[in-house]
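Remarks on the structure that follows.
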Amino acid sequence: MILAVSSSPADMAFPVLSAMILIPLVGALIIAGLPKSQSWVASAFGLVTTSIVLGLSLWQLFAFDKNFDGYQFIENHTWVKDLGISYSLGIDGISLFLVVLSAILFPISILVSQSVKHNQRSFVAWLLVLQSAVLLVFVARDLFLFFIGFELVLIPMYFLIAGFGHGDTKKVAMKFFLFTMGGSIFFLASMLALAGLHARETGTWSFAIDTLMNYASSEISNTASLWLFAGFVIAFAVKVPLFPLHTWLPDAHTEAPTAGSIILAGVLLKLGTYGFVRIAIAFFPYAAHRLIWVLLALSVIGILYGSIVAAMQPDLKRLIAYSSIAHLGFVMLGVAALTQQGITGAVFTMASHGLTTGVLFAVVGMLYERRHTRDIAAYSGLMKTVPVLSGVFLIAVFASIGLPGFSGFIGEFLTMLGAFSTHRWYVVPAATGVIFAALYLLWAYQRMFTGEPNEEDEKMKDITPRELMCVVPMLLLSFYLGVAPQFMIERINPSSNKLSEHISKYSGQKTIDTVDSKSNEVDKSHVEKGGH
Amino acid sequence: MSPNILEYSYLIPAVPFVSAIFLLLFGKRLKPIVAGVIGTVAMGSTFIMWIISFCALQNIEGEEVRRMTSQGYTWMQIGNFSVDFRFMVDPLSIVMVGFITLVATLIHVYSIGYMKGDPRFSRFFAYLNLFAASMLILVLGENLLVTFLGWEGVGLCSYLLISFWFEKKSAATAGKKAFVANRVGDVGFLLAMFLIIATPSLGSLSYTHIQDRVSAVPTISATAIVLLLFVGAMGKSAQFPLHIWLPDAMEGPTPVSALIHAATMVTAGVFLLVRISPLIGTASPEASSIIAIVGLITALYAAICALAQNDIKRVLAYSTISQLGFTFLAIGVGAYSGAIFHVVTHAFFKALLFLGSGSVIHAMHPVAHEKHFDEQDMRNMGGLKKHLPITHATFLVGWLAIAGIFPFAGFWSKDEILGATFLRGGILGYGLWVLGMFAALLTAFYMTRQVQMVFYSKPRFGETENLPHESPKTMTIPLIILSAFGALIGLINVPLKSREELTKFIDPAIHGSKHAEIATFVKINGLSLAGISLALAIIGILIGIKVYRSRPVDSDDEPLKALGPVVPLSLNAFYVNTGVANLVAGIGTKFANTLAFFVDNKVIDGASSNMAKGIEDSGRILRKIQSGFVRRYVLYMSGGTLLILLLALWGNAQ
């Protein structure tokens, strides 16, 4: 079996991906050993650590070869030889921007949470552990490694919600944990079954994503394809979350501290959609084709249901949580399109949603710190008393609504365009989602920010420079990506093209003789693409 | 002027955009007047750029269509789909840019006077600039997506400006309503773009490309695309039943109503359909009929609604909806250049009327404040001719123009539309023509009513120290300039001899197959048809004068009672708005609430929580190893992971 070996010039001796995973982990350990008294030291240290990771990710973004469709920055070390588990890392156009997005959101999350006064140390430490785990998922080229990261994420997230959240944190953290653990069981089972099938057939164990992908897409029976696909779908659907497995999300969001919400919406949900792209549809094109209507229907339901339920929430944070369900519906619509435009749009939307929702959650956090309530009805006329804060929120609202000129629009446009060519009747109801998005956000804005301010809002302090530093970069990025999205698109394109071609090639019924012809073609196509 | 200068046409929207950003960031630190001047100069410079562009466009020779695209870049490119961020100057866009920049500049000047003393003065100019930039992007776009960028941009600015006085609950609500109603139309626009891209014979959003390929497009696809874009146009151009946001939009400051909700933004839908008129030519004739019928329903409906309104701006708002209906009627009968012609004349005379009403409101403000009545309610006005001589004189020009009196602007453009409708023939054509004529008669009547109630008869605001007074020069000079255009702009397309300058100018850029026919027809039958419509206009005016001269207006608007049961219907706009509001507030809210608090909370969450609880319960059986505390699970999991890692390392070492 052939592993796509990169011949990209970006391949270097310095293991940048390992560095990005290890630096936060080491940082967390050091912070845990810091003296307890100085809480700002922990923050500062966390900020420095995550900034280094951000720097590495930016370096890697510009060193990335945008014409190459395979993995770059490859690291490959055998780990458990007998089981075919390897420590192999790499990124392609699909994971590149998720890595960069994660690298951007973590320093912002630390910067935004200066008010976590008690036990800042463990707060920052857990955030750093979380970053390691998340990055591991996005750069893993080994399914087992992917799984470890996928599971590892739960631990820091649990402690962040339970230890630093608001309200009934224990119960909510528990709910979060049980839901995602439930999903993980399906992941584990499907992964082991697939690896087992592969080992039985070929005689060697392997967890390499490329190997398993080629095997699963071409050599397993249709029935196996359907079952394994279903298993992975459930595992990832919980994480996305797809309707009706979404009810953990509003609770987790609402009770999590601001940083937790930003990371949860910005990065953690994308573990699910990324899993769909990287594993579910890539491994099982046949099953994906057969069952695509399920995903399409759930995406459309997610868009409409999330928006309508969002409109009715009395709690601003819950409202934004439900809006995430709608946005992730667009991502899934793009994934389920199984076309290049759809997949590119899905990746684009993942990044875009991380930015715009990040700002929305950050502003909610700022309001909460000032007034200690997230109740929409408790606010009034903020535009008059805190004009800059209101302006920031309003820009984020329109970015989130999908106003052209911001990244959100490009994402929605591409996902719907991608789905339209293959499944146009699902796009018609999905498109009405743009009405509801305007409705729920502008209605909330109207209730909180317009009118005459009430007594308590009169005394509110406007946004501070530190808070501006958290939100302005995200808004500028969203604007930049709305005006010049090609920067991202051209880097995603080769990988999304390769994936969509892979899917369409293997989406038919399997016949016996595919084995030889397939491996020949892989050889050939590899040679062609290597020549770029 | 070399045509190559048009490669820089992106500067036309860029200048007001930069000015808007500057004013948003630093406007507060400037003196209000400085901010106003910056905004106005930025706007004025676009008008100068228009003059340059217009001359440069004339110098393009040897081409079938005079057009020039600007520099730009690839906005998005995936697979075989590609779209550029690029502008295009051609006869259609240059006509649009012309009246937009001129009217906008005048309204900027006017706003310096009108908004004086407002605490958010600089922000107002920032929003106006941002609006102008978006509007220019809309009309200059080289493809549908750039147009859509401007389309949403003007929607955003409309939202910001309608709810400019956001302390007022009604203003905030109206802004949101406008944006959401427009979004309904946007769904049509979006789907149309997807369909165009997915149609193999088109595949590109570029207007030039669409025009070149149009003959290869299957009728069914063209029909679907046209109707979807029409849905988009209905939202932006306030066509029935998506018009409900426009009357409420009058909550915004009056210059905003004049600029956005009368002269420019609401014409975007007309522009869009004319832009893709080649596709309308390919689409099945039913699509055109639908557009014509919706247009006429809107024209007639809004004219009736305007009859009994007492708010000076609401009369004009319904009048705007009605006039836009006429332009859609024009598109429906194939008179695309006629639609643009009416859009241009309407922009001038309606901006004039709105700014005139703004001047009236400005004058009424002190006395209304003193006596606690509504400064916009015409029942409290009367006799203002004496106090506001310039406003009065200019308002009269607007009144004659919209009523369709020879030789004022509206006469020419309305006549062309009605002539084309008559030419269409058939039951539909003649039917539309008769009803259109009737709507024109109503127009003359309700405008006369307004003029009578505001400027003539005895004042109804009683004895006061705060007598209304004429507005400052920054407001009256724009009025005077606009009234000159309102009187004369119709001459750009006079159907005499072969002087139809406008039609000849824009025809190559659009689908003009019927225009020659229309022109010939109007020339031959012009006298008789124009005679009829002129007669109807005069009848409308005479009825208005007769009714309002003979009986005094009181709080009930006694003279109008002659219309009987039509009055409440008109006043409440046939209860369409209330109906929609009740539907949304009633069934809509109930449905959403059920979803949010029953389905989501009880059913779905309940089910999954029970499942989780079930897992927990069954876990109790294994109590020895499972304590039920997540902390413990986490410990086990971490331990497990560690164990795996160790095993792995050990396995590897072997």
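Chains as they are written, first to last, in our numbering: chain A, 1161 to 1692; chain B, -6 to 647.
Glycine included, every Cβ here is placed at the ideal spot set by N, Cα and C.
Fair warning: this is a prediction, and the values are worked out from it, not measured in the lab.
Assuming threonine 414 of chain B and valine 326 of chain B are in contact, meaning their beta carbons sit under 8 Å apart, how far apart are those beta carbons, in whole angstroms?
Contact holds; Cβ gap of about 5 Å.
For alanine 165 of chain B, which residues in chain A fall below 7 Å Cβ to Cβ?
Gln1606, Thr1610 and Gly1611
Quick check on the DSSP output: what are the complete alpha helix (DSSP H) runs of length 4 or more inside the segment 1235 to 1322 of chain A, in order along the chain?
1253 to 1272, 1280 to 1299 and 1303 to 1312
Taking the beta strand (DSSP E) that isoleucine 71 of chain B falls in, what are its first and last residues?
66 to 71
In chain A, what lies closer than 9 Å to tryptophan 68 of chain B by C-beta?
Neighbours of tryptophan 68 of chain B on chain A, chain order: Ile1570, Val1643, Ala1644, Pro1645 and Gln1646.
Where do the N-terminal and C-terminal ends of the beta strand (DSSP E) with aspartate 77 of chain B fall, by residue?
74 to 78
Taking CB distances under 7 Å as the criterion, tell me whether glutamine 619 of chain B reaches chain A.
Note that glutamine 619 of chain B scores 46 on pLDDT, short of 50, meaning its location in the model is unreliable; the coordinates nonetheless yield the value given after this. No, its Cβ sits nowhere closer than 7 Å to a Cβ of chain A.
Arginine 79 of chain B to serine 1660 of chain A, Cα distance in whole Å?
Going by C-alpha positions, arginine 79 of chain B is about 30 Å away from serine 1660 of chain A.
Go through the segment 1546 to 1620 of chain A residue by residue and report every complete run of the alpha helix (DSSP H) that reaches 4 residues or more, in order.
1547 to 1561, 1567 to 1591, 1593 to 1609 and 1615 to 1618
Is the number of C-beta pairs between the segment 379 to 391 of chain B and the segment 455 to 467 of chain B that are closer than 8 Å three or more?
yes
Using only CA atoms, which one of B:Arg372, B:Thr320, B:Leu428 and B:Met374 lies nearest to serine 406 of chain B?
B:Thr320
Run through DSSP, which three-state label would phenylalanine 1233 of chain A get?
strand
By DSSP, does asparagine 459 of chain B sit in helix, in strand, or in coil?
coil
Do the CB positions of leucine 346 of chain B and leucine 309 of chain B come within less than 7 Å of each other?
yes
Only counting the same chain, and skipping five residues up and downstream in sequence, which positions put a Cβ closer than 6 Å to that of alanine 251 of chain B?
The beta carbon of alanine 251 of chain B lies closer than 6 Å to those of Ile100, Ala344, Phe347 and Leu348 in the same chain, with the five residues before and after it left out.
Could you tell me which chain B residues have their CB closer than 7 Å to the CB of valine 1588 of chain A, listed as they occur along the chain?
Taking a Cβ-Cβ cut-off of 7 Å, the neighbours of valine 1588 of chain A in chain B comprise Leu184, given in sequence order.
Closer than 7 Å by C-beta to leucine 131 of chain B: which residues in its own chain qualify, once you throw out the five before and the five after it? Chain order, please.
Thr140, Gly143, Trp144, Val147 and Ala261
Quick check on this structure: which residue in B:Ser(-5), B:Leu588, B:Val27 and B:Tyr3 has the alpha carbon closest to the alpha carbon of glycine 1462 of chain A?
That would be B:Leu588, whose Cα lies nearest to the Cα of glycine 1462 of chain A.
Please tell me whether proline 1175 of chain A has its Cβ less than 7 Å away from any Cβ of chain B.
no
Where DSSP assigns a beta bridge to methionine 81 of chain B, which residues make up the other side?
B:Thr62
Note the first and the last residue of the continuous alpha helix (DSSP H) segment covering tryptophan 1365 of chain A.
Counting along the chain, tryptophan 1365 of chain A falls outside any alpha helix (DSSP H), and DSSP gives it neither H nor E.
Return the CA-CA distance between leucine 1635 of chain A and valine 1524 of chain A, expressed in angstroms with no decimal places.
15 Å
Report back the beta-carbon spacing between alanine 23 of chain B and serine 115 of chain B to the nearest angstrom; my notes put them in contact at under 8 Å.
First, the residue type needs correcting, since residue 23 of chain B is leucine and not alanine in the sequence shown. Rounded, the Cβ-Cβ distance is 6 Å, consistent with contact.
If we define contact as Cβ-Cβ less than 7 Å, is methionine 1634 of chain A a contact residue for chain B?
no
Whose C-beta lies closer than 7 Å to the C-beta of alanine 646 of chain B among residues of the same chain, with five residues either side of it excluded?
Low confidence applies to alanine 646 of chain B: its pLDDT is 47, below 50, so where it sits in the model is not reliable, and the reading given next is rough at best. Taken in chain order, the list of residues that qualify is empty.
Skipping 5 residues on each side, what residues in its chain have a beta carbon closer than 7 Å to that of asparagine 459 of chain B?
Pro359, Val360 and Glu363
Could you tell me which of B:Ile26, B:Pro248, B:Ala530 and B:Gly422 sits nearest to tryptophan 392 of chain B, measuring between CA atoms?
B:Ala530
Going straight from the alpha carbon of serine 1467 of chain A to that of leucine 484 of chain B, what length do you get?
51 Å
Can you check whether the CB of serine 270 of chain B is closer than 7 Å to the CB of isoleucine 503 of chain B?
yes
Does DSSP classify glycine 1642 of chain A as helix, strand or coil?
It is helical.
Nearest chain B C-beta to serine 1581 of chain A closer than 7 Å, yes or no?
yes
Pull up the DSSP beta-bridge partners for glycine 134 of chain B, would you.
B:Phe80
Apply the 10 Å Cβ neighbour rule to leucine 576 of chain B and answer buried if 16 or more other Cβ atoms are within range, or exposed otherwise.
exposed
For alanine 226 of chain B versus leucine 183 of chain B, is the C-beta spacing smaller than 7 Å?
no
So, does the CB of isoleucine 1649 of chain A fall closer than 7 Å to a CB anywhere in chain B?
yes
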